[in-house]
Amino acid sequence: MASTLTVAKQQLRALMKQTLSNVAPESVNAQSRQVFEALKNFQPYKEANRISVYLSMPAAEIQTDAIVRHALASGKQVYVPYLYKSSLEIPGAPTRVMDMVHLESLHDYENLKPDRWGIPSIDPDTVHQRQRILEPTGFGGSVQTALDLIVVPGVAFDFDDAGHVRRLGHGKGFYDYFLNRYFSRMEIHDHPQHKPLLLYGLALNEQIIPPSWEQPVPTASHDRPLHGLIIGSGEVKNSTDSPAIQK
Numbered sequence: 008m009a010s011t012l013t014v015a016k017q018q019l020r021a022l023m024k025q026t027l028s029n030v031a032p033e034s035v036n037a038q039s040r041q042v043f044e045a046l047k048n049f050q051p052y053k054e055a056n057r058i059s060v061y062l063s064m065p066a067a068e069i070q071t072d073a074i075v076r077h078a079l080a081s082g083k084q085v086y087v088p089y090l091y092k093s094s095l096e097i098p099g100a101p102t103r104v105m106d107m108v109h110l111e112s113l114h115d116y117e118n119l120k121p122d123r124w125g126i127p128s129i130d131p132d133t134v135h136q137r138q139r140i141l142e143p144t145g146f147g148g149s150v151q152t153a154l155d156l157i158v159v160p161g162v163a164f165d166f167d168d169a170g171h172v173r174r175l176g177h178g179k180g181f182y183d184y185f186l187n188r189y190f191s192r193m194e195i196h197d198h199p200q201h202k203p204l205l206l207y208g209l210a211l212n213e214q215i216i217p218p219s220w221e222q223p224v225p226t227a228s229h230d231r232p233l234h235g236l237i238i239g240s241g242e243v244k245n246s247t248d249s250p251a252i253q254k
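Note that our numbering has the sequence shown beginning at 8, numbered continuously upward.
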């Protein structure tokens with residue numbers, strides 16, 4: 008029997024799916040342009056050398072094509088999600104996990120093929136040739152391979168009473184599990200992050216749960232809060248404890 012928390016998440020996902028199905032493609036594109044312009048001028052993005060960017064579905068979320076292209080053109084090292092069957096011999100480990108793999112160039116990005124959801128995806132046959140953040144070909148626990156900024160998707164977002172950003176994902180736990188492994192690797196190799204890894208969500212206006220709703224974003228202890236959001240109006244909303252606003 009599903010827990011109360013699980014049911015609450017499922018209900019909110021279903022409600023948001025219905026809401027987002029009514030957002031016109033023109034609105035998604037317009038909001039995506041606003042987010043892109045805001046991100047370009049966001050100081051942590053400008054200062055970041057290594058960033059992770061999700062590759063977007065064709066609809067119902069902020070489109071990231073312009074962000075990936077700009078980051079590559081700016082000389083940043085860009086990493087994108089790659090999902091694969093887990094070989095981890097850890098009790099409770101999911102059957103599929105996520106790593107971040109390096110995009111070599113704009114040509115590399117433009118040659119990615121869409122998966123069944125229309126998301127540009129890394130060819131599994133090329134993964135062994137790519138630098139990865141967690142797996143043996145990439146992460147050595149060094150500061151040189153640490154990420155500076157991760158841009159994450161989500162289904163719904165809101166702020167708790169303390170001003171922390173809550174995120175409802177798609178229910179697979181890919182980002183939470185990746186981040187747990189990432190920070191564990193940094194600790195194991197005794198390489199504290201040279202500067203805080205920033206986690207920022209990108210959200211359509213319709214994905215922000217207003218305070219008037221009776222249903223806030225339900226979270227558990229393993230659900231990591233974000234440092235902020237960039238929303239479809241072009242506004243950057245920082246969490247109260249975001250390093251991006253620390254003096």
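Note that beta-carbon positions come from the ideal geometry of N, C-alpha and C, so glycine has one too.
In the DSSP assignment, K24 falls within the unbroken alpha helix (DSSP H) covering 11–28. Counting along the chain, the unbroken alpha helix (DSSP H) around H114 starts and ends at 113–117. Partner residues in the beta bridge of P121, as assigned by DSSP, are P127.
Residue environment for L206: buried (at least 16 other C-beta atoms within 10 angstroms of its C-beta).
If one requires a minimum length of 4 residues, the alpha helix (DSSP H) runs lying completely within the segment 156–229 are 181–195, in chain order. Spanning the alpha carbons of S81 and R139 requires a straight line of approximately 21 Å.
Counting every other CB atom within 10 Å of its CB across the protein chains shown gives H229 a total below 16, marking it as exposed. Shown here, N56 sits in coil according to DSSP, grouped into three states, outside any helix or strand. By alpha-carbon distance to P127, the top candidate from I237, L119, T133 is L119. In the DSSP assignment, Q84 is bridged to R57. In this structure, L209 keeps its C-beta atom at 9 Å or more from the C-beta atom of P51. When the Cα atoms are used, G170 and H234 turn out to be separated by approximately 10 Å. The three-state secondary structure of H109, taken from DSSP, is strand. A66 and N48 have their alpha carbons spaced roughly 25 Å apart. Collapsing the DSSP output to three states places N245 in a strand. Taking C-beta atoms as the reference points, R174 and V224 count as a pair closer than 9 Å. In this structure, DSSP gives L90 an extended state, which the three-state scheme calls strand. Here L113 is exposed: its Cβ has fewer than 16 other Cβ atoms, across all protein chains shown, within 10 Å. Counted as a single uninterrupted DSSP element, the beta strand (DSSP E) harbouring L236 occupies residues 235–238.
Rounded to the nearest whole angstrom, the C-alpha separation of P160 and S219 is 23 Å. For the pair V30 and E194, the Cα-to-Cα distance works out to about 43 Å.
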